[in-house]
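Residue numbers (full-length UniProt numbering): 1 to 300.
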């Protein structure tokens, strides 16, 4: 009996304040959508960093005469450079890539952009040593030792590019969290206002229930549940939009980088793993805000 009464009161409250309820649901949905997007970016960054940690290299690019005339690295100064690199105690492995191999890899990476491949020529790509270090955080060992040596055109540290790349992704994540926080504040205010209005419109019946012996907690529970139900609906909608955004937007927009392994894709499992946190956040925010509002503004 008591449960059915509480349930009916919750439905009555949601129907009676339908416009504010819809606004609360939509605001909560947007806030949780942005929060979920930020969490997915975090997971994507973590997975991408894990992949690149094992592939970070220092690229020692060779001069044009070596690239053109010593494809097998059998002559000096190419042979000497290779020997010196292999003997360096900081170096785990050295792989020589000639001009033709570099061009073949270029075509493979940019296979989805045939116009770019047509414009490229093997002569534009230098031969190089791809050097893997025992400690990827110490590229200066190679840069300081081999910069300026005969046959060396330039040295590129892949970690510098990755640092800029991950800084950009972290910036997107931080911006998403900031906007989500602003939306969360708006959701809190809407939840508080909705609970106050709902309690005010039913103040007479609540007063009668208190006179016949109903506890304060029993009379206020329906208002609290209204906020929680609206929050849960917002969370479910946010999760649904995340799934749609992955299928119809991200998978198509980033199909090339995903296929090339530049960025690790967001998978359905990632959304599944963050969904409970979004649901718990919705329940927690709605319940706490509703409870505090009832304690501060509703005296019956």
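Ideal Cβ placement from N, Cα and C applies to all residues, glycine included.
Start-to-end residues for the beta strand (DSSP E) that takes in residue i
i	result
residue 60	58 to 62
residue 129	128 to 133
residue 92	91 to 97
Cβ-based neighbour list, residue i, same chain, cut-off 6 Å, excluding 5 preceding and 5 following
i	result
residue 31	180, 183, 184 and 187
residue 1	Only weak support exists for where residue 1 lies, its pLDDT of 43 falling under 50; the value from the coordinates is given anyway. Here the set comprises nothing.
residue 143	155
residue 149	none
residue 47	264
residue 29	234, 237 and 238
Residues of its chain near residue i, where Cβ-Cβ distance is below 8 Å and the 5 sequence neighbours each way are ignored
i	result
residue 152	60, 61, 62, 63, 81 and 146
residue 102	122, 125, 126, 127 and 128
residue 243	268 and 271
residue 99	67, 68, 71, 122, 123, 125, 126 and 127
Where residue i falls, given that 16 or more other Cβ within 10 Å makes a residue buried
i	result
residue 129	buried
residue 249	exposed
residue 96	buried
residue 247	exposed
residue 120	exposed
residue 238	buried
residue 37	buried
residue 170	exposed
residue 21	buried
residue 131	buried
residue 230	buried
residue 27	buried
residue 34	buried
residue 161	exposed
Sequence-distant residues of its chain with Cβ nearer than 7 Å to residue i (five each side left out)
i	result
residue 233	25
residue 270	40 and 43
residue 191	24, 227, 286, 289 and 290
residue 172	41
Residue i - partner residues in DSSP beta bridges
i	result
residue 195	Note: residue 195 sits in no beta bridge, so no partner.
N-terminal and C-terminal residue of the alpha helix (DSSP H) that residue i is part of
i	result
residue 86	78 to 87
residue 153	That residue, residue 153, is in no alpha helix (DSSP H); its beta strand (DSSP E) goes 152 to 157.
residue 70	Note, residue 70: premise wrong, no alpha helix (DSSP H); not H, not E.
residue 143	140 to 146
Residue i beta carbon near the ligand SAM (any heavy atom closer than 6 Å)
i	result
residue 26	Looking at this structure, you won't find the ligand SAM or any other ligand, since it has none at all.
(request) Write down every uninterrupted run of the alpha helix (DSSP H) in the region 229 to 279 whose length is 4 residues or greater and which is fully enclosed by it, in chain order. (result) For the region 229 to 279, whole alpha helix (DSSP H) runs of length 4 or above, ordered along the chain, are 255 to 260.
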